[in-house]
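J.: Per full-length UniProt numbering, residue 1 is the first one in the sequence shown, and the count goes up by one each step.
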Amino acid sequence: MRCRNYASEPISLTNLKRGTGGRSSFNGLIVTVFGASGYLGKHIVTHLGRMGAQVIVPYRSDPYFVRDLKVMGDLGQILFCPFHLEDEDAIKKAMRFSNVAINCIGKMNATHNFTQEAVNLEGAARIARLSKDVGVERFVHISALSQNENPEKFVWRPSEFRRTKALGEKAVLRERPDAIIFRPADIWGNSDTFLCYYGARGKKYRWERRSSYGSRLRLCLWERGQKTIKQPVYVGDLARGILNSLTAADSPGKIYEAVGPHRYRLDDLVKWIIFNCRYLPRELTIGKFDPWFLARVYANEYFSRVNPSMCFERLEHDSTTDKLSGAPTLIDLGVKLTKLEDRIHQILFIYRRLNNYWEAVGEFPEPPNPPISLA
């Protein structure tokens with residue numbers, strides 16, 4: 001009589017590593033990325049595909065908006081699944097075979113379909129709860145460094161984005177105490193919404209270049225930006241930190257604050273951005289919020305609710321100083337932080353004046369780097 005050795009658990013061939021590592025291999029990770037069509041989500045999918053993970057991309061609306069993600073991984077490694085944030089069965093289906101789930105759904109402003117509370121609070125808690133029900137081993141939630149349950153008012157009204165992000169953190173930890181939470185500061189990179197947001201002001205937002213100011217470009221900041229400190233983080237560093245947290249043994253249940261290596265005063269940072277776009281110092285004026293500017297922001301937010309180029313939530317966020325609480329950072333995850341000074345030129349290249357002009361070497365002086373704030 002011969003005895004056979006049977007496995008105590010069903011063997012799933014999809015969980016077995018294959019290959020020598022890299023894009024054309026499988027490292028055993030099946031990751032569901034909610035919000036993969038967003039700015040951060042695309043970079044997360046890119047890094048996951050590069051390391052040989054299989055990625056499930058839940059999407060809403062037309063698949064046209066996520067089709068570019070198909071080439072970020074090897075053949076058959078990037079899969080798509082239609083879902084709705086309020087459909088629990090669709091969310092479970094998207095995480096059914098995954099051992100990791102990442103939630104980076106979020107937007108600065110509310111839309112016709114979803115409020116800030118429905119996305120940052122209810123939606124985040126729902127995904128965290130269902131991930132536990134289907135057996136997802138690790139859950140990562142993207143919050144915000146500026147989160148605050150009782151945010152102060154700077155311009156119009158207290159930020160709903162900051163309030164719901166803080167409540168969403170507590171709701172996620174209540175559903176999954178082992179959740180990994182990241183609090184990123186302003187994220188910069190190619191085609192971002194931070195450097196390009198200010199770099200495009202001279203070209204895109206023509207109404208800020210009024211005839212009463214002559215050829216000047218006038219930007220409005222809270223207290224002229226002199227009381228706001230920012231510590232922006234590179235999107236590649238944040239994505240790398242998220243991936244490192246998936247394999248770190250002590251990361252479950254921790255909160256990481258994702259910030260860059262340097263802190264800058266907002267007015268110094270904005271001036272540096274504009275000067276890199278070939279504006280002269282005499283052509284830039286930074287002022288306080290005036291009624292004309294606020295009226296334009298209100299009209300822009302009212303008539304373009306889906307994706308306004310400027311809204312009061314953004315003004316409240318830009319007026320908030322980045323404060324660290326002493327929690328672990330990306331450095332604790334083994335990430336070497338990228339300096340803004342090393343890459344700002346290639347990011348703002350398309351927003352420069354006389355962009356097609358082939359200048360001689362040294363014809364346009366390089367603006368000096370902004371002073372680093374110690375506050």
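Note that beta-carbon positions come from the ideal geometry of N, C-alpha and C, so glycine has one too. Remember, predicted model here, so these are calculated numbers, not experimental data.
So, under 8 Å CB-CB, Gly199 and Tyr357 are touching, yes? Tell me the CB distance rounded to an integer number of Å.
T.: Contact flag wrong, Cβ pair sits at about 17 Å.
J.: DSSP has Ile255 in a bridge; who is on the other side?
T.: Ile181
J.: Mapping the DSSP letters down to three states, classify Tyr59 as helix, strand or coil.
T.: strand
J.: Please classify Gly106: is it buried, with 16 or more other beta-carbons within 10 angstroms of its beta-carbon, or exposed?
T.: buried
J.: Quick one: residues in its chain with C-beta nearer than 7 Å to the C-beta of Asn190, no 5 flanking neighbours on either side, listed in chain order?
T.: Ile347
J.: Label Ala249 either buried or exposed according to how many other C-beta atoms from any shown protein chain fall within 10 Å of its C-beta, with 16 as the threshold for buried.
T.: Note on Ala249: under 16 other CB atoms within 10 angstroms of its CB, so exposed under the neighbour-count rule.
J.: I'd like the list of long-range same chain contacts for Ser373, defined as Cβ closer than 7 Å, with 5 residues on each side in sequence excluded.
T.: Correct list, in chain order: Ile229, Arg263, Tyr264 and Arg265.
J.: Decide if Tyr256 is buried, meaning its Cβ has at least 16 other Cβ atoms within 10 Å, or exposed.
T.: Label assigned to Tyr256: buried.
J.: Can you find the residues in the same chain that come closer than 6 Å, C-beta to C-beta, to Lys165, ignoring five residues on each side of it along the sequence?
T.: Asn120, Ser143, Ala144 and Gln147
J.: For Lys339 and Pro261, I'd like the C-alpha separation in whole angstroms.
T.: Those two C-alpha atoms are separated by around 7 Å.
J.: In whole angstroms, what is the alpha-carbon distance linking Leu219 and Arg126?
T.: 40 Å
J.: Taking one C-beta from the segment 51 to 58 and one from the segment 30 to 40 each time, how about it: are there three or more such pairs within less than 8 Å?
T.: yes
J.: Taking the alpha-carbon positions, what's the Leu315 to Arg174 distance?
T.: 31 Å
J.: Does the Cβ of Tyr39 lie closer than 7 Å to at least one heavy atom of the ligand MN?
T.: Looking at this structure, you won't find the ligand MN or any other ligand, since it has none at all.
J.: How would you call Gly214, buried or exposed, if buried means at least 16 neighbouring beta carbons within 10 angstroms?
T.: Low confidence applies here, because Gly214 scores a pLDDT of 45, under 50, leaving its location unreliable and the question unanswered by this model.
J.: Which full runs of the alpha helix (DSSP H) of 4+ residues lie inside the segment 315 to 350, going along the chain?
T.: 340 to 347
J.: Once DSSP output is grouped into helix, strand and coil, what is the label at Trp358?
T.: coil
J.: How would you label Asp318, buried or exposed, when you count the other beta carbons within 10 angstroms and need 16 or more for buried?
T.: Here Asp318 is buried: its Cβ has 16 or more other Cβ atoms, across all protein chains shown, within 10 Å.
J.: Can the beta-carbon of Asn300 be found less than 8 Å from the beta-carbon of Pro308?
T.: yes
J.: Tell me whether Thr320 is buried or exposed, calling it buried when 16 or more other Cβ atoms sit within 10 Å of its Cβ.
T.: buried
J.: Using the Cα positions of Arg129 and Glu86, report the straight-line distance between them to the nearest angstrom.
T.: 13 Å
J.: Where does Tyr39 sit, in a helix, a strand or coil, going by DSSP?
T.: helix
J.: Provide the residue(s) that pair with Thr32 in DSSP beta bridges, ordered along the chain.
T.: Ile56 and Ala101
J.: On the criterion of 16 or more Cβ atoms from any shown chain inside 10 Å, does Val140 qualify as buried, or is it exposed?
T.: buried
J.: For Leu221 versus Val297, is the C-beta spacing smaller than 8 Å?
T.: Judged by beta-carbon spacing, Val297 lies beyond the 8 Å limit of Leu221, meaning their Cβ atoms are not closer than that value.
J.: Does DSSP put Arg163 in a helix, in a strand, or in coil?
T.: helix
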